[in-house]
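Student: For the sequence shown, the residue numbers in our numbering are 85 to 220. The C-beta atom is built at its ideal place from N, Cα and C for all residues, glycine as well. Structure in structure tokens, see below.
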Amino acid sequence: VAAYILQKLGTMTAMNLQKLVYYCQAWTLVWDEKPLFKEAIEAWANGPVVRELFVFHKGMFQISALTIGNPDLLNDEQKETIDAVLDYYGDKSAQWLIDLTHMEEPWKRARSGLPISVRGNKEIPLDDMAEYYSSL
85 VAAYILQKLG TMTAMNLQKL VYYCQAWTLV WDEKPLFKEA IEAWANGPVV RELFVFHKGM
145 FQISALTIGN PDLLNDEQKE TIDAVLDYYG DKSAQWLIDL THMEEPWKRA RSGLPISVRG
205 NKEIPLDDMA EYYSSL
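If you want it as structure tokens, here you go:
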């Protein structure tokens, strides 16, 4: 998914990529009624993060390509959903996306009891994401 996003939008910050991957998963749960990918999403201080993706871009501010992932493995339905997400969220700044996730229930619930700046890695349940985004 991340490789496809970079293929479509080009170079972006690691923060942007992580938040776009999150929203792709969230809206796929709503529109396609199944997960887009199997990796967990964790509620970190700066918003949702896929740890496995973070491992590949750790220390990088800008990302132009990944050595993991194959966009050709996505089917047409998945690409259509990702494209719709990118049409809406793709031009937003990293800070805008972080602020948005901080206002939304899935991240807030997973961070329950943690001050905003404290590190945390509790998983954001897919059910919470599907329930919240389907109500919008």
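#1: In terms of residue numbering, what span does the beta strand (DSSP E) encompassing E189 cover?
#2: Below 8 Å on the Cβ atoms is my contact criterion, and I expect S148 with L90 to pass it. Report the Cβ-Cβ distance as a whole number of Å.
#3: Where do the N-terminal and C-terminal ends of the alpha helix (DSSP H) with E164 fall, by residue?
#4: Indicate whether V202 and L104 have their beta-carbon atoms separated by less than 8 Å.
#5: Do D116 and E189 count as a contact pair if the criterion is CB distance below 8 Å?
Tutor: Answer, in terms of the structure:
#1: As a position in the sequence shown, residue 189 is number 105, starting the count at 1. Per DSSP, E189 belongs to no beta strand (DSSP E); it is in the alpha helix (DSSP H), 189–194.
#2: As a working mapping, residue 148 is identified with position 64 in the sequence shown. As a working mapping, residue 90 is identified with position 6 in the sequence shown. About 7 Å; that satisfies the 8 Å criterion.
#3: Along the sequence shown, read from residue 1 onward, the residue named residue 164 stands at position 80. E164 -> alpha helix (DSSP H) spans 160–173.
#4: By one-based count along the sequence shown, residue 202 stands at place 118. By one-based count along the sequence shown, residue 104 stands at place 20. No; because the gap between Cβ atoms is not below 8 Å, this pair is not in contact.
#5: Start at 1 with the first residue of the sequence shown, and residue 189 comes out as number 105. Start at 1 with the first residue of the sequence shown, and residue 116 comes out as number 32. No, the pair does not count as a contact, with Cβ atoms beyond the cut-off.
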